[in-house]
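First residue of the sequence shown? That's 58 in the numbering used here, and the numbers climb one at a time after it.
Encoded as structure tokens, the structure appears first; notes follow it.
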Amino acid sequence: MRALNRKMWRDLWHLKGQALAIALVISCGVAIFIMFLSTLDTLRLTQASFYQDYRFAQVFSSLKRAPDSLRQRIARIPGVADVETRVVANASLDIAAFSEPVTGKLIAIPDSGEPRLNKLFLRTGRWLTPGRHDEVILSEAFAEAHGFTPGDHITAIINGKRKRLTIVGTAISPEYIYQLRPGSAFPDFKRYGILWMSRSAVGNAFDMKGAFNDVSLSLNNTARQEAVIDRLDVLLRDYGGFGAYGREDQLSNHFLSEEYKNIERSASMFPVIFLAIAVFLLNVVINRLVTTQREQIASLKAFGYTNTTIAWHFIKLMMIIVLIGVTAGVLIGIQLGHGMSNIYMDFFRFPYLTFELRPSVVTYAVLSNVMAALMGTLFAVRTGVSLQPAEAMRPAPPMIYRKTWVERLGLGRWLSAPNRMILRHIERRPIKSLLTITGIAFACGINMTGQFQQDTVGYMMDIHYGMAQRQDLTLSFTDPTSYRALYELQRMRGVEHVEVLRSVPVRLKYEHREQRTAIIGMSANADLRRLLDTDLNAITLPAEGIVMTDFLGQQLGVRAGDTVTVEILEGNRPVREVVVAALVKEYLGVMAYMDIRALNRLLKEGHAISGAYLAIDAIQANEIFHALKQMPRVAGTVQRKNELENFNKTMDETMIFITTIATVFAIIISFGVIYNSARIALTERGRELASLRVLGFTRGEISYILLGELALLTLAAIPLGWGVGYLLCGAIANNLQSELYRVPTMISTSTYAFATTVVLTSALLSGLLVRRQLDKLDLIGALKTKE
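Here it is, written out as structure tokens:
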């Protein structure tokens with residue numbers, strides 16, 4: 058065994074370049090796997106710890122107004138452990154150094170101290186002083202966006218009255234880890250903030266003394282959440298309840314869960330691709346190594362070594378390569394996991410971050426790579442050790458000579474001798490040539506996966522913010538108001554066009570499936586906010602029926618013509634049956650739409666509107682913003698350009714990090730695949746090339762024969778690689794479908810060009826490295842071959 062161990066270390070040294078390339082490929086796959094799962098575990102552990110320590114509620118509901126005495130009845134619902142009632146309202150914030158409208162969400166907390174549920178983590182400053190009605194605690198993200206610190210002042214328009222407030226602290230809440238304005242897909246910390254004020258201050262301002270309009274519940278271990286929600290809805294029905302919901306539908310928690318799903322899907326995609334390529338390379342390298350050492354294997358068997366012993370020798374060689382790659386991958390993955398977790402901290406507002414890497418994740422990474430590599434190695438070794446010693450000691454029979462298809466076509470006279478050698482070698486070894494082409498094609502395809510995400514995001518932005526949303530401003534009102542508000546907005550100086558909307562929270566049901574969302578009522582021929590069919594053509598809203606996004610249709614399992622149950626979650630909460638008129642294409646959110654007149658008929662209301670889309674003159678934007686700040690009915694404004702900026706900022710931070718890592722790893726894999734192909738070709742043809750040198754061929758000519766074959770196979774692999782890349786990108790896109798966004802398969806010419814450039818550059822560098830080895834060919838050894 059000691060002799061075999063020495064042989065193993067010698068083989069490893071001779072294969073050091075190829076072994077390093079394979080180890081790098083393995084380390085890339087392991088690092089990606091560890092990065093995604095350690096980030097996922099870190100975020101989930103931190104979230105669970107924060108939820109528990111700061112008592113995040115499990116059931117939520119908003120309502121119009123209810124007396125505080127109702128709290129006792131709510132607390133008696135079976136399964137309820139604790140109840141927190143409060144007053145929640147919106148206010149306009151006037152920030153001197155910021156001209157645009159800003160919306161603040163006022164949340165009342167007990168005058169006596171901290172709330173029982175949804176407690177605050179006080180980051181800076183102090184708690185509110187009992188009896189003071191002019192003190193607020195700001196959400197940390199909002200305070201940082203504007204540079205506010207404890208002691209600063211902010212002006213708020215609360216229920217139509219201006220009030221100067223003193224900032225006494227900044228805080229983080231488990232309720233707003235992902236701080237989103239309702240209806241938005243991405244956070245905007247500058248234009249939307251959370252303000253905590255004393256219960257008496259908010260109650261007095263909104264005539265809610267002795268009353269509440271928001272309730273949160275925690276449940277005991279034996280509670281059935283659905284039953285509690287049903288009982289709570291019954292109690293709140295007479296008080297204008299908007300429909301209770303569980304933690305899974307709470308805005309911040311829901312977005313966190315969807316993002317976790319995307320991370321989990323990524324963790325199941327990229328490592329599998331890298332692992333498959335690593336196993337492919339290991340199989341090829343070990344197979345070629347066994348083939349070139351068949352005489353040594355025969356000698357070992359003649360000296361009494363068993364098949365198992367010889368197989369174990371090659372397995373140990375493989376194990377060393379795999380363990381080097383896995384170890385490096387784990388260490389790199391841990392560092393990348395720290396980096397990715399910290400990036401998420403920029404918009405997931407946790408008070409602390411507890412890094413977590415479960416031992417089971419590392420164990421899975423090691424075992425999956427070892428088992429996959431072991432299977433590939435055993436497959437390669439089986440053929441070599443199955444030969445009888447006498448047969449194996451004889452050199453492999455030479456390939457049968459025949460003319461290539463080029464020569465059979467009569468074109469051979471136009472080819473030089475080296476060119477004919479290249480074509481003959483490729484045609485006589487079709488399986489090996491095909492394996493080389495396949496490996497290079499996957500290397501090309503993987504480079505496309507790292508870049509196509511940028512193409513996709515650009516395409517999504519063009520469609521959503523260019524073709525579908527063309528308004529400059531979107532206004533939302535504090536309550537549904539009459540149609541007369543349209544004429545008031547039209548008279549404003551600088552407003553060029555106005556289209557009204559009506560937004561209604563609903564629960565859509567079809568068979569056993571349901572989805573909580575909103576129906577947006579719009580003008581049938583709306584031009585500022587357009588709906589696009591699956592071919593991206595603008596459609597006209599039908600006079601009757603509901604239109605929903607294709608993803609929402611998939612979630613509910615409905616098609617055009619089906620009838621869905623619509624449960625309205627405001628007012629008298631009517632339940633209606635509505636026909637699905639059409640499905641539309643949208644890449645963000647899960648919304649439903651109706652003609653505004655049909656929606657108002659469904660609600661049995663008059664011409665009510667809850668917001669408007671505005672096209673404005675950019676030169677007069679500040680004047681318009683100032684006028685909107687003075688309108689008590691305007692609850693909030695959203696600028697399309699700001700939404701686009703927030704989209705870019707949120708997507709870019711994570712996407713650039715992941716894209717950079719994926720691209721670097723893809724380049725490493727490309728070089729590893731092509732370099733291995735070149736070194737294997739040199740190993741297989743070393744004696745042949747040395748013999749040609751003895752016969753008078755120059756170094757340049759034998760380099761041309763070897764590297765010309767590599768170049769030809771590389772060029773043949775590139776178009777196939779484009780197809781492989783398109784399929785891989787499509788698989789990744791399909792795997793990243795969520796309620797937050799849907800990723801289309803959109804690949805630009807620059808992505809194809811990038812992948813091609815990487816492959817050609819890797820081939821060039823590999824050729825240069827192999828060219829140096831050609832100068833070291835053993836010409837004397839070539840003369841001593843048994844042939």
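Ideal Cβ positions, reconstructed from N, Cα and C, are used throughout, including at glycine.
{"Asked": "Those residues which DSSP pairs with Thr223 across a bridge", "Found": "Glu192 and His210"}
{"Asked": "Inter-residue Cα distance where the pair is Ala735 and Ile83", "Found": "19 Å"}
{"Asked": "Residue from Leu77, Asn62 and Arg63 with nearest C-alpha to Asn733", "Found": "Leu77"}
{"Asked": "Buried/exposed call for Arg183, threshold 16 Cβ in 10 Å", "Found": "exposed"}
{"Asked": "Own chain partners of Pro187 with C-beta closer than 8 Å, once the 5 adjacent residues on each side are dropped", "Found": "Asp168, Ser169 and Ser255"}
{"Asked": "Collapsed DSSP secondary structure at Gln572 in the structure displayed", "Found": "strand"}
{"Asked": "Local conformation of Phe90 per DSSP, three classes", "Found": "helix"}
{"Asked": "Terminal residues of the alpha helix (DSSP H) in which Asp709 lies", "Found": "Arg697 to Val751"}
{"Asked": "Distance between Ser560 and Ala665 (C-alpha atoms, nearest Å)", "Found": "10 Å"}
{"Asked": "Where Thr717 falls, given that 16 or more other Cβ within 10 Å makes a residue buried", "Found": "exposed"}
{"Asked": "DSSP bridge partner residues for Asn147 (one or two, in chain order)", "Found": "Lys162"}
{"Asked": "Rounded Cβ spacing between Phe93 and Ala324 (contact assumed at less than 8 Å)", "Found": "4 Å"}
{"Asked": "Same chain, Cβ closer than 8 Å to Val781, five either side skipped, listed in chain order", "Found": "Ala498, Phe499, Cys501 and Gly502"}
{"Asked": "Sufficient close CB pairs (3 or more, under 8 Å) joining the region 521-540 to the region 640-652", "Found": "yes"}
{"Asked": "Coil, strand or helix - His554 by DSSP", "Found": "strand"}
{"Asked": "Validate contact between the region 508-515 and the region 688-699 using beta carbons, cut 8 Å, 3 pairs", "Found": "no"}
{"Asked": "Euclidean distance between Cα positions of Ser119 and Ala268", "Found": "13 Å"}
{"Asked": "C-alpha distance - Gly618 paired with Gly610, whole-angstrom precision", "Found": "12 Å"}
{"Asked": "Beta strand (DSSP E) segments (min. 3 residues) lying fully within the region 572-617", "Found": "603-606"}
{"Asked": "Residue burial classification, Phe360 (beta-carbon count within 10 angstroms, cutoff 16)", "Found": "exposed"}
{"Asked": "Beta-carbon contacts of Ile789 that lie in its chain and below 7 Å, excluding the five residues immediately before and after", "Found": "Met326 and Thr506"}
{"Asked": "Arg345, buried or exposed, once every other Cβ within 10 Å from all chains shown has been counted against 16", "Found": "buried"}
{"Asked": "Thr420 beta carbon less than 8 Å from that of Leu102", "Found": "no"}
{"Asked": "N-terminal and C-terminal residue of the alpha helix (DSSP H) that Thr348 is part of", "Found": "Leu308 to Thr349"}
{"Asked": "Option nearest Glu553 by Cα separation, candidates Ala678, Gly297, Leu374 and Arg351", "Found": "Ala678"}
{"Asked": "Through-space distance from Thr212 to Leu588, alpha-carbon basis", "Found": "38 Å"}
{"Asked": "Cα-Cα separation, Arg658 to Asn319", "Found": "39 Å"}
{"Asked": "Entirely enclosed alpha helix (DSSP H) segments - the region 618-670, minimum 4 residues", "Found": "653-660"}
{"Asked": "Sequence-distant residues of its chain with Cβ nearer than 6 Å to Ala719 (five each side left out)", "Found": "Gly507"}
{"Asked": "Within the region 119-145, ranges of the alpha helix (DSSP H) (whole runs, at least 4 residues)", "Found": "127-132"}
{"Asked": "For Tyr567: DSSP bridge partner residues", "Found": "Arg570"}
{"Asked": "6 Å Cβ shell around Met265 - same chain, five flanking residues per side excluded", "Found": "Val144"}
{"Asked": "Alpha-carbon to alpha-carbon, Glu321 and Ile89", "Found": "12 Å"}
{"Asked": "Among Leu532, Leu769, Asp709 and Leu585, the one whose alpha carbon lies nearest that of Leu685", "Found": "Leu532"}
{"Asked": "Extent of the continuous alpha helix (DSSP H) to which Trp184 belongs", "Found": "Where Trp184 is concerned, there is no enclosing alpha helix (DSSP H), given that its DSSP letter is neither H nor E."}
{"Asked": "Bridge partner(s) assigned by DSSP for Val691", "Found": "Phe534"}
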